[in-house]
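One structure below.
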Amino acid sequence: MDSGEIRQRFARFFAAKDHEIVPSAPLLPQDDPTLLFVNAGMVPFKDVFLGRAKRPYTRAASVQKCVRAGGKHNDLENVGRTARHHTFFEMLGNFSFGDYGKAQACAAAWEFLTREMQLDPARLHVTVFGGEGKLEPDEETESIWRDEVGVPKQRIKRCGAADNFWAMGARGPCGPCSEIHYDRRGDTLPAFGDDPAGDTLVELWNLVFMQHERQADGSLTPLPSPCVDTGMGLERLCMVSQGVVTNYETDLLSPLLRRGSALAGVSYKASDSDTDVSLRVLADHSRAIAFLIADGVLPAPDGRGYVLRRILRRAVRHGDRLELRDLFLHELCAHVVEQAPAAYPELARAAALIERVVRQEETAFRRTLQRGLSLFATQARALGDAAKELKGDTVFRLHETYGFPPDLTAVLARERGLRIDWAGFDKAKKQHEAASGGELGLRQVPAIYKELALEHGATTFREQPQDSPVSRVLALLDSADGPVPLLEPGRQGVVILDHTPFYGESGGQEGDKGELLWNGGGAADVTDTKKAAGVHLHHVAIRASSPRGLTVGDPVRGSIDDKRRWGLRCHHSATHLLHSALRAVLGGHVTQKGSLVQQGRLRFDFSHFAALTAQQVQRVEQLVNASIWRNDAARVETMTLDQAKARGAMALFGEKYGDTVRVVRLGPESLELCGGTHVARTGDIGAFVIAAEQPLSAGVRRIEALVGESAMQAVQRQRQEIQALARLLAVPPRQAAARLRGLLNQQRDLQRRLAALQAKQATQDARHSARQAHTIRGIRVICQRIDDNLNAAGLRAQCDAARAQLKSGLVVLATAADGGKWNMVVGLTPDLVGRYHAGKLASALAALAGGRGGGRADFAQAGGTDVALLEKALQEVEQVLA
19 MDSGEIRQRF
29 ARFFAAKDHE
39 IVPSAPLLPQ
49 DDPTLLFVNA
59 GMVPFKDVFL
69 GRAKRPYTRA
79 ASVQKCVRAG
89 GKHNDLENVG
99 RTARHHTFFE
109 MLGNFSFGDY
119 GKAQACAAAW
129 EFLTREMQLD
139 PARLHVTVFG
149 GEGKLEPDEE
159 TESIWRDEVG
169 VPKQRIKRCG
179 AADNFWAMGA
189 RGPCGPCSEI
199 HYDRRGDTLP
209 AFGDDPAGDT
219 LVELWNLVFM
229 QHERQADGSL
239 TPLPSPCVDT
249 GMGLERLCMV
259 SQGVVTNYET
269 DLLSPLLRRG
279 SALAGVSYKA
289 SDSDTDVSLR
299 VLADHSRAIA
309 FLIADGVLPA
319 PDGRGYVLRR
329 ILRRAVRHGD
339 RLELRDLFLH
349 ELCAHVVEQA
359 PAAYPELARA
369 AALIERVVRQ
379 EETAFRRTLQ
389 RGLSLFATQA
399 RALGDAAKEL
409 KGDTVFRLHE
419 TYGFPPDLTA
429 VLARERGLRI
439 DWAGFDKAKK
449 QHEAASGGEL
459 GLRQVPAIYK
469 ELALEHGATT
479 FREQPQDSPV
489 SRVLALLDSA
499 DGPVPLLEPG
509 RQGVVILDHT
519 PFYGESGGQE
529 GDKGELLWNG
539 GGAADVTDTK
549 KAAGVHLHHV
559 AIRASSPRGL
569 TVGDPVRGSI
579 DDKRRWGLRC
589 HHSATHLLHS
599 ALRAVLGGHV
609 TQKGSLVQQG
619 RLRFDFSHFA
629 ALTAQQVQRV
639 EQLVNASIWR
649 NDAARVETMT
659 LDQAKARGAM
669 ALFGEKYGDT
679 VRVVRLGPES
689 LELCGGTHVA
699 RTGDIGAFVI
709 AAEQPLSAGV
719 RRIEALVGES
729 AMQAVQRQRQ
739 EIQALARLLA
749 VPPRQAAARL
759 RGLLNQQRDL
769 QRRLAALQAK
779 QATQDARHSA
789 RQAHTIRGIR
799 VICQRIDDNL
809 NAAGLRAQCD
819 AARAQLKSGL
829 VVLATAADGG
839 KWNMVVGLTP
849 DLVGRYHAGK
859 LASALAALAG
869 GRGGGRADFA
879 QAGGTDVALL
889 EKALQEVEQV
899 LA
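The sequence shown begins at 19 in the working numbering and counts up one residue at a time.
Spelled out as C-alpha cells, the structure:
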C-alpha cells in the first residue's frame, strides 16, 4: 500500500466517524514564538486545547507536515545515522476537543491499524502510564485495551512519565498517553543505528489523553472537557505496511535515494557506511528544504532561516563527501516537487523559488567549504603526533563560521584518528547562545503574559472612533515589581484591558499611542501597545499629576493619537497595494517576508533574487499610484479561512489566522487577510513614492516608501536639492544632469592625462634614482625620501619604475603626507624574492619610525605618524637587511 493510499484511507476512515478533515497547516507556527516549526499534528490546534479558541467542530483529523530540526525537538544530528529519524515528516492524527474520550480513541486506532491497514493484531503491543510519584497509574486505559479492545495482557506494558505522560508546559493541559508499537522480531532489521530496541518494537501511534490541568504549584485539577490528541508518523506506517527495512526504502524516500545515488554514481546498500549515511541525509534534507522554502522560510543568519541554512549546508557537505563537486541539491529538491501529492500544491507554486534559493545558497556555501576544510586540516596538523583530541571551540567555529555540522567534523576527525572535545564544543555553543540571545535568536514570550492569557483569555481590539466605549482593567504590571493591584502616579507599567481601541503591534504595523482616562481625573500616557500570547499590552506612564493611580477593575476610556493612527492607516494600506504591484511586475513568486508600518514611512520585505531595475521601480510606483487615484472603497469582510482562500486572499508571512478571518480588499488587485487598520478609500493614501530598494538577505529584498504628506515632503526636499545643484552649476534644473555629466567627463579626461604625466615623471625620476643607487651587502639599493606630495598610487608607480630600471635590487621610497603622517613602499626585484621578503623589511623599517607595515614578498607598504623618525629609519636599511 503506497503512501498516497494510506493518506486517503486515513481521511476516509475518520471522516466516516464524523471527524472534520483539516488540511495541513504551514510549517511556520501561527503566532507562536515558542516554537521554531510545527513539530506535531496538534500544534495547529494548540489554542483549542488551551481553551483560547473555538472551532465549529469538536472532532478533527489531519495529515500534518512537520519539521524537527531545532529547539527542544531536534532530530537533525540523528538523520542518516538511524533508520527512522527525519527532519521533515508527515503526522497522521485525530483529535477530540471535549467530545469523545479514551475508549473511542483506542478503539478507532486499533480498528484503523488492523482493518484498514491490515496489520497483524498479534504484532501490535501497547504501553500505558504506570504511575510515578504522586501521579496515579492510568488503569482506565489499561482496562480499555485489555477488556474492550481485546489486547492480551502480556502485550500491555506500563511505563513511567518520561515515556507515557504528556504535558504542554510547566502549566496547562497534561495527561497520560498510550503508545501502539509494531513488533518486527523475525523481520529483516536495519544493520545500523544506535537504538536496536526501537527498530525491533517500532512506535507507530501515540494517543495523548489531556485530562488534567497543571497549576503553578504543580498540582493537577481535572479538566472540565478532557481532550484527545493522537499522532502517527506516516513514514513509519509506510515502513511496516510496505514490509521494508527502513523508512528510506518506502515510496516516500526511495525515489530520492535512487536520484541521489545516480547523481553521485554510487549504490545504496542500506548500511552504516559513510556513503549510505550521506545518501540518507540527502533524501531527507531535500524534502525538508523544499517544504520549508515553499512555506516561506528563506536562509538567514538567525531564527528559522538559520535552521534552513544548517540543513542546506549539511546536505551540501554530505554531497561533497560523495564527490558531488557541481551544484546538485536543486535537482534533488526538484525531484521532491515532482513527487509532491495533491495535498501540497504549495510545492508546485514555489518550484522556481525553491530552485533559485537552493542554487544561490549552495553556490555561496561552496565558497566557504574549502576554507573550512583547510582550517580543519591546519588544526589537525597543528596537534602533532602526541595530541589526539581536536578542541571543542575549533569544532564549534567550523560549525558556526563555515557551516560544518559537528557530526561531519566527527567523520573527518575519525578518518585522522582524532577524538573531539565535545565538552568544549558544548561550552562554546552555550557561550555563543548566551551572547546572541538564545539558541536561534527567536523572540520569547515572557511567562507572565502566558499566565495572564490562561487566566483571562485573549483580549480584543475594537477599532473605534475617538470617543471609544469604556473598557475594564483586567491586570496591571509594574515595570519593576511585576503584577500589582495598583499603579500609582509617576509609575510606569503595563495595563491589560478586556477590550481596547488601541491596535497592538502586529503584521508590521506599529502599536497605537494615546492616553487612558479614569474617574477622579486619573490619566496615563500610552507610550506603546504590543501583543503577546493574544493579550494586548498597553505600556503606560501614570501622570504624576493624577489625583489617584489606576487599580485593577477600574473602568477606563482610551483615546488614541488620531493623527498618528491616520498615518499608520495610510502606510498600512499602501503595503497591500505595493505587495500586489510587486507580484504584477516581478511575478507570482513574490511574497511578503516582513514589514514595518509607521506614521511617516513604510518598509516592505519580499522574496526576490535580483535588484529591481529603474524601470521596474518606476512601474511599481505607477501601479500603486494608479490604484490610489482610482479611489476604490476599502472593503472589509469576515469569513471562514476556507472561504478566504477560495477567493484567492493572500495570507501574510508569520501571521496567526483562526477559522474566522478578516479579509481586506483594496481595489480589484489586492485581497489579503489582515487584522490591521486601513483607509476608507484608496484615494485617502494620496500618493506613493519609493525611497529605496536594496538587498536584505539571500533571496530577500527591501523597499522603503512614503505616502501622503510624507511623500509630498520627500518630493519637495528632492526638488530643493535639485534646485540647489542647478544653482551651483549655473544652469536651469532641467539641464543640471547634462551639465554634471559633462563636468565628470572632463574630470575623468584630466585624471587620465595626469596619470600619464605622473608615469612619465616616475620613469624619469627612476632613471635618476638608478644612477644614484648604491650597493649594500652585494645588492643595488635605492633608498630615498620624496617630498613631491605623492599619494599612495604615485608612490607605488615610482617604486615600480625604479625596480624596472634596477633590473636587480631593492627600492625603498618614503614621503611625508598631510597631517604629519608618512608613507613608505618597499619593492624587490623577482630575483631577490626568497632571499629577502619585502613585507618583513617594511615591517622592520616601520617599527624604527614608530609605525606599522607589511605586505607581499615582492612589494609592501608601511605608514606612521612621526615624520621626525622617518629619516632615521631610512638610514638603517643596511642594518635591517643584515
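For every residue, glycine included, the Cβ atom is placed at its ideal position computed from N, Cα and C.
If the criterion is Cβ atoms closer than 8 Å, does the pair V553 and T477 meet it? In this structure, T477 lies closer than 8 Å to V553 by Cβ.
To the nearest angstrom, how far is it from the Cα of F671 to the Cα of G168? Unreliable positioning characterises F671 in this predicted model, as indicated by a pLDDT of 49, which lies under 50. The coordinate reading is nonetheless provided below. Their backbone Cα atoms lie some 48 Å apart in a straight line.
Mind checking P317: buried by the 16 CB within 10 Å criterion, or exposed? buried
Give the single residue among Q378, T293, R77, L238 whose Cα lies nearest to the Cα of V718. Q378
Specify the secondary structure class of I24 as computed by DSSP and reduced to three states. DSSP places I24 within a helical segment (H, G or I) once states are collapsed to three.
Could you work out which residue in A542, K35, F63 is closest to Q48 when comparing CA atoms only? With distances taken between Cα atoms, Q48 lies closest to F63.
Given this structure, state the Cα-to-Cα distance separating R254 from S296, to the nearest angstrom. 20 Å
Along the alpha helix (DSSP H) that carries S279, what are the first and last residues, could you check? 272-282
Distance, Cα to Cα, L620 vs L274? 43 Å
Where does D884 sit, in a helix, a strand or coil, going by DSSP? coil
Starting from the C-beta of L458, find all residues in its chain whose C-beta is less than 8 Å away, skip the five residues before and the five after it, and write them out in chain order. Model confidence at L458 stands at a pLDDT of 39, short of 50, so the residue's coordinates are unreliable and nothing is read from them.
Starting from V413 and walking both ways along the beta strand (DSSP E), at which residues does that stretch end? Element bounds for V413: not the beta strand (DSSP E) but the alpha helix (DSSP H), 410-420.
Would the region 198-214 and the region 128-142 be scored as touching if the rule is three or more Cβ pairs under 8 Å? yes
The alpha helix (DSSP H) enclosing T381, as first and last residue numbers: T381 -> alpha helix (DSSP H) spans 369-400.
Supposed close pair L689, V679 - CB separation, criterion 8 Å: About 12 Å separates the Cβ atoms of L689 and V679, ruling out a contact at the 8 Å cut-off.
Length at least 3, wholly inside the region 725-789: the beta strand (DSSP E) runs in chain order: Entirely contained in the region 725-789, not one beta strand (DSSP E) run reaches 3 residues.
Closest residue to R575 among E533, R587, S392, L614 (Cα-Cα distance): Check the Cα spacing between R575 and each of E533, R587, S392, L614: the tightest is with E533.
Would you mind sorting H336 into buried or exposed? The rule is 16 or more other CB atoms within 10 Å of its CB. buried
Complete runs of the beta strand (DSSP E) confined to the region 661-705 [at least 3 residues]: For the beta strand (DSSP E) assignment, the uninterrupted runs of no fewer than 3 residues enclosed by the region 661-705 are, from N- to C-terminal side, 678-684, 688-691.
First through last residue of the beta strand (DSSP E) which encompasses N224: 219-232
Here's a check: name, in chain order, each residue in its chain whose Cβ is nearer than 7 Å to the Cβ of A815, leaving out the five neighbours to either side. Q776, A777, A780
Which term fits D767, buried or exposed, when burial requires 16 or more other beta carbons within 10 angstroms of its beta carbon? exposed
Please report how far the alpha carbon of A209 lies from the alpha carbon of R102, in whole angstroms. 13 Å
Kindly list the residues whose CB is nearer than 7 Å to the CB of E528, restricted to its own chain and excluding five residues on each side of it in sequence; keep chain order. If we look at E528 and ignore the five residues flanking it on each side, its Cβ neighbours are L586, V615, Q616.
Taking just the CA atoms, how far does V355 sit from S243? 41 Å
Note down, in chain order, each residue of its chain lying with its Cβ closer than 7 Å to the Cβ of M600, except the 5 sequence neighbours on either side. The sequence shown places Leu at residue 600, not Met. Only V608, F624, V638 meet the Cβ criterion.
Bounding residues of the alpha helix (DSSP H) (the contiguous stretch that carries T847): No alpha helix (DSSP H) holds T847; DSSP gives it neither H nor E.
At 4 residues or longer, what runs of the alpha helix (DSSP H) sit wholly inside the region 140-220? 157-161, 179-182, 214-218
Looking only at its own chain, which residues have a Cβ that is under 8 Å from the Cβ of H353, when we skip the five neighbours before and after it? P273, L274, R277, S304
Cα separation between G605 and E341? Cα to Cα, G605 sits roughly 36 Å from E341.
Alpha helix (DSSP H) containing A632: first to last residue? 632-648
Does the distance from the C-beta atom of C831 to that of I797 stay below 8 Å? In the sequence on display, residue 831 carries Leu and not Cys. In this structure, I797 does not lie closer than 8 Å to L831 by Cβ.
DSSP three-state assignment for T100, whether helix, strand or coil: coil
Measuring straight from C-alpha to C-alpha, what distance separates R384 and V284? 22 Å
Just reading off the alpha helix (DSSP H) that R294 is part of, what are its end residues? The question names Arg, but residue 294 in the sequence shown is Asp. Where D294 is concerned, the enclosing alpha helix (DSSP H) stretches over 292-312.
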